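J.: Okay, here's the structure, questions in a sec.
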Amino acid sequence: MIRRILPPLTNEAVSLVKNSSIVSVMAIFDLTTEGRNIVADTAMPFEIWFTVAAIYLCVTLLLSTLAAWLEHRLKAGQNGSSH
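With our numbering applied, the sequence shown covers 14 to 96.
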């Protein structure tokens, strides 16, 4: 059962993180708020928003990589148990 629900579940988790920055719902909101505060203090918008984007990219890539690893591991377990 886990093998069947894992791909859509992980896709939904990645989608939730990606969409949260648009609707400002989750921790990404805190990240953008801090980014705004730092830009206001330092007057370095490019550097700050580039860093915020890099952190956001790392989070989404980490989730996607974890999902792919879990799917691969479950498929390997399925192939190994059928022999």
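Quick reminder that beta carbons are idealized off the backbone N, C-alpha and C, glycines included.
Predicted, not measured: the structure shown is a model, and the values here were computed from it.
(1) Between the alpha carbons of residue 20 and residue 55, how many angstroms are there, rounded?
(2) Restricting to runs no shorter than 4 residues, where is the alpha helix (DSSP H) found entirely within the segment 39-65?
(3) Output the distance between the C-alpha atoms of residue 51 and residue 65, rounded to the nearest integer angstrom.
(4) Output yes or no for whether 8 angstroms exceeds the beta carbon distance between residue 44 and residue 68.
T.: This is what the structure gives:
(1) Numbered from its first residue, the sequence shown carries residue 20 at position 7. Numbered from its first residue, the sequence shown carries residue 55 at position 42. Note on geometry: alpha-carbon atoms of residue 20 and residue 55 lie some 42 angstroms from one another.
(2) 40-55
(3) For the purposes of this step, residue 51 is taken as the residue at position 38 of the sequence shown. For the purposes of this step, residue 65 is taken as the residue at position 52 of the sequence shown. So the alpha carbons of these two residues sit roughly 11 angstroms apart.
(4) For this step, residue 44 is matched to residue 31 along the sequence shown. For this step, residue 68 is matched to residue 55 along the sequence shown. Yes, Cβ-Cβ distance for residue 44 and residue 68 is below 8 angstroms.
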